[in-house]
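Have a look at the structure below, then the notes.
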Amino acid sequence: MWKIPGSYKGSHPNGQTCISANRFLVQEGIYPAFVDKLKAVVEKLVIGDGKKDGVNLGPLINEAQFKKVSEIVEDAMSKGATVLLGGRAKSDVGKLFFEPTIITDVTPNMRMYNEEIFGPVVSLIKFNTEEEALTVANNTNSGLAGYFYSEDVSQIFRVAKKIETGMVGINESAISCTEAAFGGIKESGLGHLDGGFFEKFGSLLRQKSIHDEEKMATPLAPLPEVAEEAVAEEAVALEARLLGEEGENDSGNETLHDTDSEPEDAEVKSLEFVEDAVGWNE
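Each residue of the sequence shown is one higher than the last, beginning at 1 in UniProt numbering.
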């Protein structure tokens, strides 16, 4: 089933990260229950000084951003959106604090439908079919990150392929990791940060990093444990066999390893021979 805490985490801390979720697309069949559960989670959030225990949300970064968030919420309200929770400044806590906000009945003519909010505001949009959801999700000028929750594996791969973002989270809101390239498409920058081919030619190609939750990954089978004694015995047997073959073919001349007139340490000489024989030096 869908995850309320995990999905909401994607819009925080305070919505002030470049990969924060701005719009929540919720299927009509679960919309009422989803809204109720989301509201219950958000109502428990504590606003205040982030250095204090138990605080979940801090202030917005500056006055300009506080003004922008306020204007985006006011624009939605003036065009028919419903503020389910929050929607106001939290002046009793501090100058730049804004209440965690949930807004429903969001339509394409509203700023929050198309703009990055960068604040503690979640907009909810209903959809019926998968195709409808993809149309809404892709109908933006930006394309950095998108998130998708489902337990249908075939649907997961299908939707992840069609979402027009540089990064996709599957049942997961923490999508940035060292191993995968970071970047978006459309107006979300040119190329990816990965130090490789795509970083140099990202403006010409489209790369997508897909992250799913840990439990969905299929772990590799562990390598069989081999006792050190068995490895040592196998190495000795291989060396004896190879040295035996060398003796049979020896014409009386020096071997390839006896290139110096000085006698070599027998153990080092044998090790070098085994390394060359099995290709360790290649």
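Positions of the beta carbon are idealized from the N, C-alpha and C atoms, including for glycine.
Here the structure is a predicted model, which is why all the values come from computation and not from measurement.
By the 10 Å Cβ neighbour count, where 16 or more other Cβ atoms means buried, how is G166 classified, buried or exposed? Label assigned to G166: buried.
Reduced DSSP secondary structure (H/G/I, E/B, other) of Q16: coil
Can you name the start and end residues of the beta strand (DSSP E) that D212 belongs to? Start and end: 209–212.
G244, buried or exposed, once every other Cβ within 10 Å from all chains shown has been counted against 16: exposed
Rounded separation between C18 and A237 - CA only: 59 angstroms
Mind checking S154: buried by the 16 CB within 10 Å criterion, or exposed? exposed
3-residue-minimum beta strand (DSSP E) runs that sit fully inside the segment 109–145, ordered along the chain: 121–127
Considering only DSSP beta bridges, list what V93 is partnered with. Bridge partners of V93: none, in fact.
Distance, A145 Cα to S188 Cα: 9 angstroms
Taking only three categories from DSSP, how would you classify E254? Only weak support is given to the placement of E254: the predicted model assigns it a pLDDT of 43, under 50, and the value that follows is read from those uncertain coordinates. Three-state DSSP puts E254 in coil, outside helix and strand.
When you compare only the Cα positions, how much space is there between G50 and V41? 19 angstroms
Beta-carbon proximity of F34 to I125, cut-off 8 angstroms: no
Proximity of V168 and F148 at Cβ, strictly below 8 angstroms: yes
Length of the line joining the Cα atoms of L256 and T178: Note that L256 scores 44 on pLDDT, short of 50, meaning its location in the model is unreliable and no value can be drawn from it.
Per DSSP, Y147 is paired with what? G169
CA nearest to the CA of E172, picked from G54, R158, S150: S150
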